[in-house]
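Just below is one structure, and these are the notes that go with it.
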Amino acid sequence: MIMNKEQIIIDTDPGVDDALAIAFGIKAELPIEAISTVYGNSTVENCSTNALTILELAGGNVPVYQGAAKPMRGVNKLAESHGDNGLGGFSMDSGRRISEQTSLKHFQEVLERSEFGEITIVAIGPTTNIGELIEQSPELFKKTGKVIVMGGVFGEKGNVTPYAEFNVYNDPLALKMLLESKHPQIIIVPANICRQVTFIQEIFDKITNPELATGLAKISQVYIDYYAKDTEYGGFEGGVMYDLLAVALLVDSSLFNLEKVRVVVETTDPIKYGLTKIVSGNPNCEVATKVDANKLKELYVSIMNN
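Here the sequence shown is numbered in this note's numbering, starting from 110 and rising by one per residue.
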């Protein structure tokens, strides 16, 4: 449930599933204050351009701020499943421009003028921008409300190594900083839950706006094909809509079960780098443990036809 004064910043690396998540948030009329970009599914430059593209396609009037181009420590790994530019090769000349202000500066300014708990962050890429905010402006970060993270994996293999999920693997230090920040409203939506929600091309046939349906179908084709054919981390009946679930949590939280737990992140072991693990001790976050996949898909189509 969205509070009256709540404003949402989507921190993202578009990305096919990011694109579908952003479009969903726009069509659901969530109070999205800004899009903040980060490297991940492609370079940060491509991700920023892709954010402008999906806003144009979905009819969203939201500023885009460009953030981190690399992790706080180490070297980033770009995704292979999202095509040449991160959107399956899809592009639109929207005439829109990326804001001159950086993501970090925007986070700082919007938190400076906001009330406590008013700003919700939905992080659906590597959490580097959040890590930098915590490092440089810890008191301002404390003013944030919910911080929803699509990241980590529990009880299943990762999607970039056997141990790690992609977003966490790219910057485990940043997620570690978040989990150790004692922030009271961290929610993690892990890959093992996201894998229950897959899309095939037929879902876009149910969208009545032809331009939107065609655009989303073109964006998703390479991604869906990758997941069908990849023998190491794929083999699903469709493209896994990881990031959609983090946004869907804000649209209808009743679709999810959440459990308060303590999560730690591996940041030093080169083999298990990026591993997320639930351990005993005082909870430092909530983790999604269940999703109603069928209802979420129905909700997606319904919202996209608004």
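Where is the CB? At the ideal position from N, CA and C, for every residue including glycine.
Close-in-space but distant-in-sequence residues of the same chain around residue i (CB under 6 Å, 5 per side omitted)
| i | result |
| --- | --- |
| residue 373 | 386 and 388 |
| residue 390 | 371 |
| residue 144 | 119, 160, 171 and 173 |
| residue 298 | 259, 354, 355 and 397 |
| residue 201 | 162 and 165 |
| residue 352 | 126, 127, 130, 233 and 259 |
| residue 282 | 181, 182 and 376 |
| residue 169 | 135 |
Cβ neighbours of residue i in the same chain (closer than 8 Å, five flanking residues each side left out)
| i | result |
| --- | --- |
| residue 287 | 236, 239, 240, 243, 256, 258 and 295 |
| residue 338 | none |
| residue 264 | 301 |
| residue 412 | 133, 136, 137 and 360 |
| residue 167 | 131, 132, 135, 136 and 321 |
| residue 223 | 116 and 252 |
| residue 410 | 312, 315 and 316 |
| residue 329 | 125, 129, 197, 308, 310, 313 and 348 |
Simplified DSSP state of residue i, which is helix, strand or coil
| i | result |
| --- | --- |
| residue 219 | helix |
| residue 275 | helix |
| residue 413 | helix |
| residue 143 | strand |
| residue 160 | helix |
| residue 266 | coil |
| residue 310 | helix |
| residue 165 | helix |
| residue 211 | strand |
| residue 114 | coil |
| residue 181 | coil |
| residue 245 | helix |
| residue 406 | helix |
| residue 253 | coil |
| residue 199 | coil |
| residue 126 | helix |
| residue 136 | helix |
| residue 155 | helix |
Which residues DSSP lists as bridging residue i, in chain order
| i | result |
| --- | --- |
| residue 227 | Beta-bridge pairing links residue 227 to no other residue. |
| residue 148 | Paired residues: none, contrary to the question. |
| residue 259 | 298 |
| residue 119 | 144 and 231 |
| residue 387 | 372 |
| residue 173 | 144 |
| residue 397 | 367 |
Residue i CB to nearest heavy atom of the ligand ZN below 8 Å
| i | result |
| --- | --- |
| residue 352 | What this structure holds is no ligand at all, so the ligand ZN is not there to describe. |
Residues near residue i in its chain [Cβ-Cβ closer than 7 Å; skip 5 each side]
| i | result |
| --- | --- |
| residue 140 | 111, 115, 116 and 117 |
| residue 254 | 115, 226, 227, 228, 229 and 294 |
| residue 195 | 123, 124, 150, 151, 155, 156 and 159 |
| Inside the region 313-384 only - alpha helix (DSSP H) runs reaching at least 4 residues | 319-338 and 351-360
| Between the region 307-320 and the region 198-216, are three or more C-beta pairs nearer than 8 Å? | no
| Does the pairing of the region 326-335 with the region 355-367 give three or more beta-carbon distances under 8 Å? | no
| Quick check: the region 172-186 against the region 135-154, are there 3 or more CB pairs under 8 Å? | yes
| field | Inter-stretch contact (C-beta, 8 Å, three-pair minimum) for the region 304-316 and the region 196-209 | value | no
| Quick one: any contact between the region 376-384 and the region 341-360, if contact means 3 or more CB pairs under 8 Å? | no
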